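Colleague: Residue numbers (the numbering used here): 3 to 280.
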């Protein structure tokens with residue numbers, strides 16, 4: 003009986019971490035996919051409003067989950083932290099699943115709320131509005147191949163992880179007064195404004211696959227394919243996972259190893275409760 007109580011005590015914090023990753027990623031998608039639906043289907047707003055809403059969604063998602071789980075909100079972040087920062091490998095798959103489920107549920111809510119507008123703009127639920135939920139090479143219109151989109155996702159996610167580690171590294175000039183989520187959000191805005199052409203800057207497997215799955219289950223039969231008819235869903239999964247490790251590795255190589263050593267917890271670990279830390 004005592005062993006069972008101990009198991010529950012061990013499980014509860016981890017369950018909280020997964021719930022936080024689910025909630026934080028859902029917040030991200032509610033703003034991100036929601037704004038794309040508003041622009042593409044409703045005709046309200048433009049590329050800049052998309053970039054800003056995604057960035058604000060990241061900021062709010064990070065504030066939601068940071069204290070409990072570290073607010074990865076992205077399997078590419080989770081994998082990179084496991085490779086370079088000591089984050090537990092046994093948590094990687096559960097984190098990724100929680101993130102993807104959060105994205106899926108939030109995308110279903112956006113799909114439901116914008117059902118009438120989407121039906122008006124695209125009655126057949128085709129490639130015309132498929133990009134509301136998931137990314138496409140060249141955003142579905144420009145002459146970019148799958149391999150070009152894969153290259154883009156590797157580069158874009160490498161930039162993301164390099165700078166996330168720079169921003170969150172307390173041995174570096176980390177933002178003060180809990181401003182790191184705001185700076186990370188601005189980073190996503192900047193990536194959207196500079197790297198959104200070739201593949202829609204998914205830079206996050208959960209952000210792309212969760213809503214892609216939601217759209218497939220709600221009438222978008224071509225959800226897993228691009229405008230050329232080829233299977234595309236793997237590109238925003240593999241590209242970010244590879245790019246995230248490259249970006250984090252470059253940060254370690256070019257910056258982190260030259261910084262002074264401290265005893266602060268590594269990024270990606272769940273902060274200890276105050277009572278335990280004392």
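We put the CB at the ideal spot given by N, CA and C, even for glycine. Since we're looking at a predicted model, the values are computed, not measured.
What residue range does the alpha helix (DSSP H) around residue 132 cover?
Modeller: Locating residue 132 in the chain shown gives position 130, counting from the first residue. Its alpha helix (DSSP H) spans residues 129-132.
Colleague: Apart from the five residues on each side of it in sequence, which residues of its chain come closer than 7 Å, Cβ to Cβ, to residue 40?
Modeller: As a working mapping, residue 40 is identified with position 38 in the chain shown. Excluding sequence neighbours, residue 40 sits near 46 and 47.
Colleague: Between 161, 263 and 81, which lies nearest to residue 190 when the distance is taken from Cα to Cα?
Modeller: As a first step, residue 190 must be located in the chain shown, where it is residue number 188. Of the candidates 161, 263 and 81, the one whose C-alpha sits nearest the C-alpha of residue 190 is 161.
Colleague: Within its chain, find whatever has a CB closer than 6 Å to the CB of residue 111; leave out the 5 residues flanking it on each side and keep chain order.
Modeller: Looking up residue 111 in the chain shown gives position 109. Hits under 6 Å: none found.
Colleague: Check residue 227 in the structure and name its three-state DSSP category.
Modeller: For the purposes of this step, residue 227 is taken as residue 225 along the chain shown, with counting starting at 1. In the structure shown, residue 227 sits in a strand (DSSP, three-state: E or B).
Colleague: Which parts of the segment 73-135 are runs of the alpha helix (DSSP H), unbroken and 4 residues or longer, counting only runs that do not cross its ends?
Modeller: The qualifying runs are 77-86, 94-115, 117-123 and 129-132.
Colleague: If I'm right that residue 246 touches residue 79 with Cβ under 8 Å, what's the distance once you round it to whole angstroms?
Modeller: Your numbering for residue 246 matches position 244 in the chain shown. Your numbering for residue 79 matches position 77 in the chain shown. Right, their Cβ atoms sit about 6 Å apart.
Colleague: Below 6 Å CB to CB, which residues in the same chain sit around residue 73 once its five sequence neighbours on both sides are set aside?
Modeller: For the purposes of this step, residue 73 is taken as the residue at position 71 of the chain shown. Excluding sequence neighbours, residue 73 sits near 26, 64 and 67.
Colleague: Around the C-beta of residue 242, are 16 or more other C-beta atoms found within 10 angstroms, so that it is buried, or is it exposed?
Modeller: Translated into the one-based positions of the chain shown, residue 242 becomes position 240. Residue 242 is buried by the Cβ-count criterion.
Colleague: May I ask you to list the residues that DSSP assigns as paired with residue 233?
Modeller: By one-based count along the chain shown, residue 233 stands at place 231. For residue 233, which the question treats as bridged, DSSP gives the partners 227.
Colleague: Are the beta-carbon atoms of residue 150 and residue 200 separated by less than 7 Å?
Modeller: The count along the chain shown starts at 1 and reaches residue 150 at position 148. The count along the chain shown starts at 1 and reaches residue 200 at position 198. Closer than 7 Å, so yes.
Colleague: Taking residue 115 as the reference, give the member of 35, 240, 153 and 19 with the closest Cα.
Modeller: Numbered from its first residue, the chain shown carries residue 115 at position 113. For residue 115, the nearest C-alpha among the options comes from 35.
Colleague: Measuring CB to CB, does residue 69 end up less than 7 Å from residue 136?
Modeller: Working through the chain shown from its first residue, we reach residue 69 at position 67. Working through the chain shown from its first residue, we reach residue 136 at position 134. No, Cβ-Cβ distance for residue 69 and residue 136 is not below 7 Å.
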